[in-house]
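Participant:
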Amino acid sequence: MTTQLPPGMHLETVDDKIMTLNVGPQHPGSGHMRLIIKVDGDYIVSCDPDPGYVHRGEEKMAEYRNYIQNIPHLERPVIHDSSNILYPYCLGVEELLGIEVPERAKYIRVIAAELNRCIYILYWLAIYGIFLGHSTMFMWPAGDRELFIDLLEAMSGARVTHAYLVPGGVRNDLPSNFEERCLRQVEYFEKRLKEYEAIFYQNPLLKARTEGSGILSRTDAIRLGTTGSVLRASGVDFDVRKKEPYDVYENLDFQTIVMKEGDSYARSRVPYLEMFESCRIIRDALKKMPKSGSVRTKLKPNPKGGNDEVYRRVESGRGAIGYYIVSNNRPEPYRVKISVGSFRNLICMPYLLKGEKLGNMPAVYWGLNYWPVEADR
Amino acid sequence: MIKELLNQDTAPHATNVLVGKLGDILIRAVGKPFDMAINWGRIYSLWPVHLETACCSVEFGAASSPRYDVERFGIIEAFGSLRQCDLIVVMGTITRKMAPRLRMVYDQMPDPKYVIAMGACAITGGLYFDSYNVLPGIDGILPVDVYVPGCPPRPETLIQGAMLLQEKIKRTKAK
Amino acid sequence: MSSGTEKDIEVKDTTEEHSDNSENTAKSDSMSKGEAKKFYEEKGLDLSPDVPVKPKPVPIFEKSLADKISSKFGDKIRVDYVRADRIRVTTKREDIVDVAKFIRDELKYDHAESVSGVDYPDSSEIEVIYHLGSYTDEKLGRQIFALATRVPREDIPNPGSDTTRTPSLRDVFYSVEFHERECFEMFGVYFEGHPDMRRLLLPEDWADIPPFRKDFKIKGR
Numbered sequence: 542m543t544t545q546l547p548p549g550m551h552l553e554t555v556d557d558k559i560m561t562l563n564v565g566p567q568h569p570g571s572g573h574m575r576l577i578i579k580v581d582g583d584y585i586v587s588c589d590p591d592p593g594y595v596h597r598g599e600e601k602m603a604e605y606r607n608y609i610q611n612i613p614h615l616e617r618p619v620i621h622d623s624s625n626i627l628y629p630y631c632l633g634v635e636e637l638l639g640i641e642v643p644e645r646a647k648y649i650r651v652i653a654a655e656l657n658r659c660i661y662i663l664y665w666l667a668i669y670g671i672f673l674g675h676s677t678m679f680m681w682p683a684g685d686r687e688l689f690i691d692l693l694e695a696m697s698g699a700r701v702t703h704a705y706l707v708p709g710g711v712r713n714d715l716p717s718n719f720e721e722r723c724l725r726q727v728e729y730f731e732k733r734l735k736e737y738e739a740i741f742y743q744n745p746l747l748k749a750r751t752e753g754s755g756i757l758s759r760t761d762a763i764r765l766g767t768t769g770s771v772l773r774a775s776g777v778d779f780d781v782r783k784k785e786p787y788d789v790y791e792n793l794d795f796q797t798i799v800m801k802e803g804d805s806y807a808r809s810r811v812p813y814l815e816m817f818e819s820c821r822i823i824r825d826a827l828k829k830m831p832k833s834g835s836v837r838t839k840l841k842p843n844p845k846g847g848n849d850e851v852y853r854r855v856e857s858g859r860g861a862i863g864y865y866i867v868s869n870n871r872p873e874p875y876r877v878k879i880s881v882g883s884f885r886n887l888i889c890m891p892y893l894l895k896g897e898k899l900g901n902m903p904a905v906y907w908g909l910n911y912w913p914v915e916a917d918r
Numbered sequence: 002m003i004k005e006l007l008n009q010d011t012a013p014h015a016t017n018v019l020v021g022k023l024g025d026i027l028i029r030a031v032g033k034p035f036d037m038a039i040n041w042g043r044i045y046s047l048w049p050v051h052l053e054t055a056c057c058s059v060e061f062g063a064a065s066s067p068r069y070d071v072e073r074f075g076i077i078e079a080f081g082s083l084r085q086c087d088l089i090v091v092m093g094t095i096t097r098k099m100a101p102r103l104r105m106v107y108d109q110m111p112d113p114k115y116v117i118a119m120g121a122c123a124i125t126g127g128l129y130f131d132s133y134n135v136l137p138g139i140d141g142i143l144p145v146d147v148y149v150p151g152c153p154p155r156p157e158t159l160i161q162g163a164m165l166l167q168e169k170i171k172r173t174k175a176k
Numbered sequence: 010m011s012s013g014t015e016k017d018i019e020v021k022d023t024t025e026e027h028s029d030n031s032e033n034t035a036k037s038d039s040m041s042k043g044e045a046k047k048f049y050e051e052k053g054l055d056l057s058p059d060v061p062v063k064p065k066p067v068p069i070f071e072k073s074l075a076d077k078i079s080s081k082f083g084d085k086i087r088v089d090y091v092r093a094d095r096i097r098v099t100t101k102r103e104d105i106v107d108v109a110k111f112i113r114d115e116l117k118y119d120h121a122e123s124v125s126g127v128d129y130p131d132s133s134e135i136e137v138i139y140h141l142g143s144y145t146d147e148k149l150g151r152q153i154f155a156l157a158t159r160v161p162r163e164d165i166p167n168p169g170s171d172t173t174r175t176p177s178l179r180d181v182f183y184s185v186e187f188h189e190r191e192c193f194e195m196f197g198v199y200f201e202g203h204p205d206m207r208r209l210l211l212p213e214d215w216a217d218i219p220p221f222r223k224d225f226k227i228k229g230r
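Protein chains in written order, with my numbering: chain H, 542 to 918; chain B, 2 to 176; chain U, 10 to 230.
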């Protein structure tokens with residue numbers, strides 16, 4: 542029987558032992574991508590990731606919009622981490638246009654970025670819970686996430702797509718009783734995080750499924766060029782916030798979370814522990830922030846960059862995000878390249894899934910902190 | 002009318018017409034409450050397909066979180082096989098790579114099936130109106146029942162869209 | 010806002026004139042200079058020129074790295090700039106593997122952060138830039154090394170079988186694998202020696218020219 546299939550889809554013939562599975566794009570354990578997995582019985586023989594289902598041509602579109610118009614669509618790849626993906630763009634454009642950012646704005650940016658990091662990690666944790674069949678771990682983080690969203694909504698006016706960071710500072714000042722609200726929220730949240738530890742991370746079922754699965758050694762983590770929590774779970778002490786501090790991160794008190802094991806359990810635990818550090822950063826930044834002052838350097842309408850290029854990076858929830866911006870004396874950038882953590886960690890997927898049980902695929906896959914929309918851009 | 006029909010000599014034809022007419026009357030008399038019963042069963046157990054297509058899936062996830070809890074309106078969380086589903090929520094941008102897959106998923110769902118276009122991208126292409134890889138709205142490939150605007154729509158908007166769909170199902174004929 | 014002294018505004022006006030004359034006559038304003046100045050002052054906008062020229066000191070550590078590589082390769086490479094934390098070097102595509110091996114073995118950069126292409130239709134070239142970083146060396150944590158090369162560009166591209174090709178760095182930096190695949194489909198640059206030069210992000214039935222080239226126009230632009 543010959544079936545007319547759309548181009549690119551194929552029915553693969555089966556030999557006696559090896560079977561090919563298309564995991565995704567419609568699959569509860571895949572997200573917006575396809576993994577072409579070959580299995581021998583219950584064990585994965587090979588995995589070929591097929592991303593690109595959300596490739597929207599952000600980088601091409603950026604060449605047709607000026608530096609300010611680029612803000613809203615460049616945050617769309619990760620709408621639940623939108624401050625962090627805009628951060629390097631703002632830093633890069635500031636360097637290109639030679640703009641100084643007011644001191645208060647730098648602190649507000651850091652607070653927004655850390656709140657957003659918590660929002661991202663909580664969403665990630667919620668999905669991780671449901672992937673492993675732990676429904677409570679979906680409900681708790683998803684509920685606590687709303688409280689952070691409320692804070693950012695009060696700051697920027699939008700629920701998830703804030704467009705709060707702009708070249709030259711932030712869009713508007715903090716609301717009146719923000720400091721108090723934020724501190725109360727952080728305090729509550731730290732208490733909640735300890736409950737997560739008890740219900741999720743000490744759960745014997747979770748440990749049985751994730752400990753020792755998908756091990757990435759330190760050498761391989763470096764060789765494959767991984768980034769973010771995947772890298773730090775494999776014992777490499779690298780965080781852009783520490784190594785190349787941007788804005789005011791060098792004044793703030795926090796530490797990098799590093800774990801040695803390199804398995805799925807460590808990869809799921811590093812982002813969780815980073816939320817504690819985020820809380821510390823927020824508290825410290827609120828204390829050290831100048832209480833008044835300008836929050837935005839106004840730009841000229843339609844500013845032009847020089848004949849120059851710039852590469853700036855920040856640490857997001859998924860790893861380093863780098864923006865490479867080339868300008869050629871025009872109001873629009875000549876080329877914008879976004880190097881994102883998800884895309885860089887994609888290379889681990891065939892490597893880690895080989896020899897793994899098929900049932901463990903979601904644990905390994907989502908432990909990579911992979912957000913397909915960002916990877917495809 | 003019945004007497005007229007019976008009196009005519011063209012018997013087989015007339016009997017057919019008679020049966021047809023009687024059937025119509027029967028459906029009109031019994032069908033309406035019957036429809037209502039079937040639709041009532043449908044509207045409070047809508048099963049969406051788990052097909053994430055773009056970033057609006059974050060807000061779809063938030064809609065099933067404790068604060069919004071879309072389940073109390075009869076939209077069940079997106080889990081399970083698409084063979085058991087009767088609702089497809091198109092969460093955002095449809096790229097040219099995803100479009101044939103989306104249609105394939107829709108074709109595999111059993112009837113009756115309903116479509117909600119969530120977000121500006123699914124309605125018109127939205128922010129990506131001039132991108133080379135994005136469809137300008139999904140109504141070219143799927144029959145859309147409810148449009149939920151926003152970029153991304155707030156969970157409340159999505160819930161309202163779902164309730165509009167329920168209203169729509171209530172008024173349609175059961176197939 | 011620093012609307013500035015009279016002197017600042019004078020300086021700014023002359024720079025504006027220069028840039029206007031040189032590239033964009035359509036923008037020659039309907040407002041007179043005085044009106045424009047008033048307009049800017051009312052809006053509270055900064056009157057500084059777009060890119061203030063600030064001479065920055067050449068950093069010592071970065072300079073030593075750049076000296077190391079230029080003393081080894083001489084005129085095979087060109088050091089484009091040395092800035093704080095950023096070095097950029099351009100080389101010919103024949104030498105890129107040797108230069109990359111030197112960067113890995115002697116300068117201790119160990120992974121690639123991104124591989125970008127930039128299309129220059131005027132000079133009929135495509136630039137491929139590797140942004141390299143280091144995890145192992147403590148001192149290099151801040152550094153990004155940009156290694157660039159230029160490949161010829163054809164007006165009617167035929168990806169994979171035309172002259173737009175360069176040696177792959179996959180054997181030197183393993184992490185470039187997916188980045189090079191992306192660069193291949195977006196710019197049509199074929200990387201020789203790459204084991205898996207397939208399409209990655211675009212639809213399977215994509216039949217147009219590579220979309221990130223400048224002659225590929227998006228809708229309505």
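We treat Cβ as the ideally placed atom computed from N, Cα and C, and that holds for glycine.
1) List, in order along the chain, the chain U residues whose C-beta lies closer than 7 Å to that of residue 97 of chain B?
2) What residue range does the beta strand (DSSP E) around residue 841 of chain H cover?
3) Verify whether the separation of the beta carbon atoms of residue 111 of chain U and residue 148 of chain U is less than 8 Å.
4) Using the beta-carbon of each residue, which ones in chain H are nearer than 9 Å to residue 145 of chain U?
5) Are residue 905 of chain H and residue 55 of chain B close, meaning C-beta to C-beta below 8 Å?
6) State whether the stretch 640-651 of chain H contacts the stretch 882-895 of chain H, with contact taken as three or more CB pairs (one from each stretch) at a distance under 8 Å.
7) Examine chain B for any beta-carbon lying closer than 8 Å to the beta-carbon of residue 906 of chain H, and answer yes or no.
8) Assuming residue 114 of chain U is part of the alpha helix (DSSP H), what are its boundary residues?
9) Could you say which of H:673, H:827, H:597, H:638 lies nearest to residue 490 of chain H if we only look at CA atoms?
10) If the cut is a Cβ gap below 7 Å, which residues of chain B does residue 593 of chain H touch?
11) With 16 other CB atoms within 10 Å as the buried threshold, where does residue 31 of chain U fall?
12) Assuming the contact rule is C-beta atoms closer than 8 Å, residue 800 of chain H and residue 807 of chain H should be a hit. Round their C-beta distance to whole Å, please.
13) Taking the Cβ atom as the reference point for each residue, do residue 94 of chain U and residue 720 of chain H lie within a distance shorter than 8 Å?
14) Determine the direct distance from the alpha carbon of residue 730 of chain H to that of residue 49 of chain B, and round the result to whole angstroms.
15) What residues from the stretch 869-887 of chain H come within 8 Å of chain U, judged by C-beta to C-beta, listed N to C?
16) Can you give the Cα-Cα distance for residue 94 of chain B and residue 832 of chain H, rounded to whole angstroms?
17) Mapping the DSSP letters down to three states, classify residue 899 of chain H as helix, strand or coil.
18) By the DSSP assignment, the beta strand (DSSP E) with residue 855 of chain H in it spans what residues?
19) CB-CB under 8 Å to residue 39 of chain U, same chain, minus the five flanking residues each way: which ones, in chain order?
20) Please list the segments of the beta strand (DSSP E) lying wholly inside the stretch 654-738 of chain H, counting only runs of 3 or more residues, in order along the chain.
21) Kindly list, in the order they appear in chain H, the residues whose Cβ is closer than 8 Å to that of residue 227 of chain U.
22) The alpha helix (DSSP H) spanning residue 107 of chain B covers which residue range?
23) What separation, rounded to the nearest whole angstrom, lies between the Cα atoms of residue 22 of chain B and residue 36 of chain B?
24) Just the Cα atoms here: how many angstroms apart are residue 113 of chain B and residue 105 of chain B?
25) Would you tell me roughly how many angstroms separate the C-alpha atoms of residue 108 of chain B and residue 129 of chain B, rounded to the nearest one?
26) Is it true that the CB of residue 890 of chain H sits closer than 8 Å to the CB of residue 631 of chain H?
27) Identify whether residue 157 of chain U lies in helix, strand or coil by the three-state DSSP scheme.
28) Relative to the alpha-carbon of residue 677 of chain H, which residue among B:41, B:168, B:59, B:67 has its alpha-carbon at the smallest distance?
29) Taking residue 120 of chain B and residue 127 of chain B to be in contact with their CB atoms under 8 Å, please state how far apart those CB atoms are, rounded to whole angstroms.
30) Compare the C-beta of residue 829 of chain H with all C-beta atoms of chain U and state if any pair is closer than 8 Å.
31) Any C-beta of chain B within less than 7 Å: which residues of the stretch 148-175 of chain U qualify?
32) Give me the chain B residues within the contact set of residue 7 of chain U, using Cβ-Cβ distance strictly less than 8 Å, ordered along the chain.
33) Suppose contacts are defined by Cβ-Cβ distances below 8 Å. Is residue 585 of chain H in contact with residue 563 of chain H by that definition?
Facilitator: In this structure, then:
1) 212
2) Careful: residue 841 of chain H lies outside any beta strand (DSSP E) and carries neither H nor E.
3) no
4) 763, 777
5) no
6) Not touching, per the Cβ criterion.
7) no
8) Element bounds for residue 114 of chain U: 105-114.
9) Because chain H in this structure spans residues 542 to 918, residue 490 of chain H falls outside the shown range and cannot be described.
10) Per Cβ cutoff of 7 Å: 98.
11) Bear in mind that a pLDDT of 41 at residue 31 of chain U, under 50, signals an unreliable position, so the model cannot answer this.
12) 4 Å
13) no
14) 32 Å
15) 870, 875, 876, 878, 880, 884, 885, 887
16) Whole-angstrom Cα-Cα distance: 42 Å.
17) In this structure, residue 899 of chain H counts as helix in the three-state DSSP scheme.
18) 848-857
19) Below a pLDDT of 50, predicted positions are generally treated as unreliable, and residue 39 of chain U, at 48, falls in that range; no measurement from the model is reported.
20) none
21) The answer, in chain order, is 598, 601, 602, 605.
22) 100-109
23) 20 Å
24) 16 Å
25) If you take the alpha carbons of residue 108 of chain B and residue 129 of chain B, they lie about 26 Å apart.
26) no
27) strand
28) B:67
29) 7 Å
30) no
31) none
32) In this structure chain U extends from 10 to 230, so residue 7 of chain U is not present and cannot be described.
33) no
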